[in-house]
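So in numbering that gives the first Met the number 0, the last spot in the sequence shown is 444, and the numbers never skip.
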Amino acid sequence: MSASSLTSSPALTGAFTPEAFQAHLASLPPLPSWWLERKRAAYERFATLPMPARTDEAWRFSNLANLTLTGFAPAPGNLAGAASAADLPSSLDVRTAAKLVFANGRLLAHEPLPAELARRGVIVDTLYRALVTHGSLVREHLLAQPSRLGSAKFAALHEAFLADGAFIFVPPDVEIDPPIGVFTFALGAGTAVFPHTLVAAGDRSRATVIEYFSSPHDDEVQLAAGANDLYAGHGSQLTYVGKQDWGRRVLSFQANSTVVRRDARVQSLNLHLGARQARHESLSQLQAPGAFSEMLALTVAHDDQEFDQRTLQIHQAPNTKSDLLYKNALLDRARTIFSGLIIVDPDAQKTDAYQSNRNLMLSEGAEANSLPGLEIQANDVRCTHGATSSRIDPEQEFYLQSRGIAKAAADELLTFGFFEEVLNRLANDDLHAALRTLIQTKFKR
0 MSASSLTSSP ALTGAFTPEA FQAHLASLPP LPSWWLERKR AAYERFATLP
50 MPARTDEAWR FSNLANLTLT GFAPAPGNLA GAASAADLPS SLDVRTAAKL
100 VFANGRLLAH EPLPAELARR GVIVDTLYRA LVTHGSLVRE HLLAQPSRLG
150 SAKFAALHEA FLADGAFIFV PPDVEIDPPI GVFTFALGAG TAVFPHTLVA
200 AGDRSRATVI EYFSSPHDDE VQLAAGANDL YAGHGSQLTY VGKQDWGRRV
250 LSFQANSTVV RRDARVQSLN LHLGARQARH ESLSQLQAPG AFSEMLALTV
300 AHDDQEFDQR TLQIHQAPNT KSDLLYKNAL LDRARTIFSG LIIVDPDAQK
350 TDAYQSNRNL MLSEGAEANS LPGLEIQAND VRCTHGATSS RIDPEQEFYL
400 QSRGIAKAAA DELLTFGFFE EVLNRLANDD LHAALRTLIQ TKFKR
């Protein structure tokens, strides 16, 4: 497909023109034909899908005024002039079994696995190398689930311009401890990055993956359109912790897709701190009996930040369980949107599904919107959903202030008490402590 064979409107593509797409393809190393075909098809979808409109139910309450694709450009195909990995802040004081560091979509550093784990078949590598050496495994799981929560246009942009990412495979019956780390940085004003992490946990395996997104220069305007794929085979246990701390002028879209098989357990916790406007879509599919998905999120929003969270829990088999708990703390004029849906298919009897969004309002100017929902097609289920918004108890605040604690510090302490219910669900004490530290840095900005 040549650039001239594509038609597009600047209003639909912004800076991501057919010419920019052809330049992106030309910058890539040799890739399997099936993946190149998928990328071309993704660009065609991107170039024709409309931008979100106020009439779109999937974008209800979202601020669309600043939603634009102009002023950005895909990161160049090399890292000339980029900082070294040692110069970039990790902000996670957690020991890792292996680490991948990406800057502008290209591998910057790779700390390999211990020899024993590599000998047992564990793979922690770039997505590009996995496409070449483990093509069938990647093809089975890479972006296998279609976008269903409103951001199909940005999902297509991600697939079209995805240059590289992380690939993690844990063979059956293998346990990995400590966690595997993936670090992604965006460098340069106007840069667009498309991070991707694919994790496939084999039957009865156990692993933890931590992912960190950051802009070292807080004042640069950037675009991030990322995604991940989490697959948990029969009887496996997979923990995913994502920490989003993009710069304060970043427009961010992130799509997380989780597939849980028989008797498997997936725990995902996403910490949202950065970006000017961030949309996070999380889809969890429970496909076989005994599957369990725990979906957790913590958000600290300040200034005029907007965090838009859309979730979908799909129960496709009997005797499955999902548990969603999203907590937001809002300061200043910040806004949050939560829209969550539980779907129970006709055959998914004995489903146990829970969904809760709780908001702590720390200022009069903050705004929290919640839209929980259910679609139940089975008759023997237990499904609960709800949302609350509350302010700090003035008596608790007064008690702390009467003991010499300033109001801002008192609010921070009470917020940690509000968050602790989620943090305590992490089995890894080092991760628990690291996330507390990251939240503290947000309050000190």
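Yeah, the Cβ is synthetic: ideal placement off N, Cα and C, and Gly gets one too.
Everything numeric in this text was worked out from a predicted model, so none of it was measured.
Which residues bound the beta strand (DSSP E) around residue i?
| i | result |
| --- | --- |
| D322 | K320 to L329 |
| V216 | It should be noted that the sequence gives His, not Val, for residue 216. H216 -> no beta strand (DSSP E), and no H or E assigned at all. |
| E293 | F291 to A300 |
| S283 | Q276 to L285 |
| G385 | R381 to R390 |
| E305 | E305 to H314 |
| A10 | Run containing A10: none in the beta strand (DSSP E); it sits in the alpha helix (DSSP H), P9 to T12. |
| T190 | T190 to V192 |
Kindly indicate which three-state DSSP category residue i falls into: helix, strand or coil?
| i | result |
| --- | --- |
| V121 | coil |
| L30 | coil |
| K349 | coil |
| S204 | coil |
| L268 | strand |
| S135 | helix |
| R39 | helix |
| A72 | strand |
| T47 | helix |
| R128 | helix |
| A263 | coil |
| A64 | coil |
| A377 | coil |
| A57 | helix |
| L425 | coil |
| A25 | helix |
| M0 | Any reading at M0 must be qualified, since the residue scores a pLDDT of 48, below 50, and its modelled position is unreliable; the value itself is stated next. If DSSP states are grouped into helix, strand and coil, M0 belongs with coil. |
| L116 | helix |
| F15 | coil |
Taking the alpha helix (DSSP H) that residue i falls in, what are its first and last residues?
| i | result |
| --- | --- |
| Q400 | P393 to Q400 |
| A155 | A151 to F160 |
| G416 | K406 to L422 |
| D428 | D428 to F442 |
So residue i and residue j are supposed to be a Cβ contact under 8 Å. How far apart are they, rounded?
| i | j | result |
| --- | --- | --- |
| A224 | H157 | 4 Å |
| S150 | R278 | 6 Å |
| R247 | D228 | Not really, about 29 Å apart at Cβ, beyond 8 Å. |
| A367 | L329 | 6 Å |
| F71 | L197 | Incorrect: roughly 24 Å between the Cβ atoms, too far for contact. |
| P170 | V121 | 7 Å |
| L297 | L270 | 5 Å |
| Q243 | L272 | 6 Å |
| L148 | H195 | In fact, because the Cβ distance is near 17 Å, the residues do not count as touching under 8 Å. |
| I175 | A96 | 6 Å |
| L425 | L268 | 7 Å |
| L102 | F184 | Looking at the sequence provided, one finds Ala at residue 102 rather than Leu. So it is a contact: roughly 5 Å between Cβ atoms. |
| A143 | V137 | With a Cβ gap of about 10 Å, A143 and V137 do not count as contacting. |
| V123 | L99 | 7 Å |
| Q312 | S283 | 5 Å |
| T47 | G13 | Between G13 and T47 the Cβ distance is about 14 Å, and since that is not below 8 Å, they are no contact. |
Quickly, what does DSSP pair residue i with across the bridge? List them, please.
| i | result |
| --- | --- |
| F20 | In the DSSP output, where bridge partners are listed per residue, F20 has none listed. |
| V100 | A108 and F182 |
| G372 | L340 |
| I167 | V123 and V198 |
| A210 | This sequence places Glu at residue 210; Ala is not what is there. Looking at the DSSP assignment, E210 forms a beta bridge with V181 and G241. |
| L359 | A328 and S389 |
| E174 | R205 |
| E366 | R334 |
| Q354 | L323 and H384 |
Using a Cβ cut-off of 8 Å (strictly closer), state whether residue i contacts chain C.
| i | result |
| --- | --- |
| A226 | Looking at the structure shown, chain C is missing, and only one protein chain is on hand. |
Point to revise | Residue ranges of each beta strand (DSSP E) within the stretch 224-259, 3 or longer | key: DSSP runs (the beta strand (DSSP E)) wholly in the stretch 224-259: 236-244 and 249-259.
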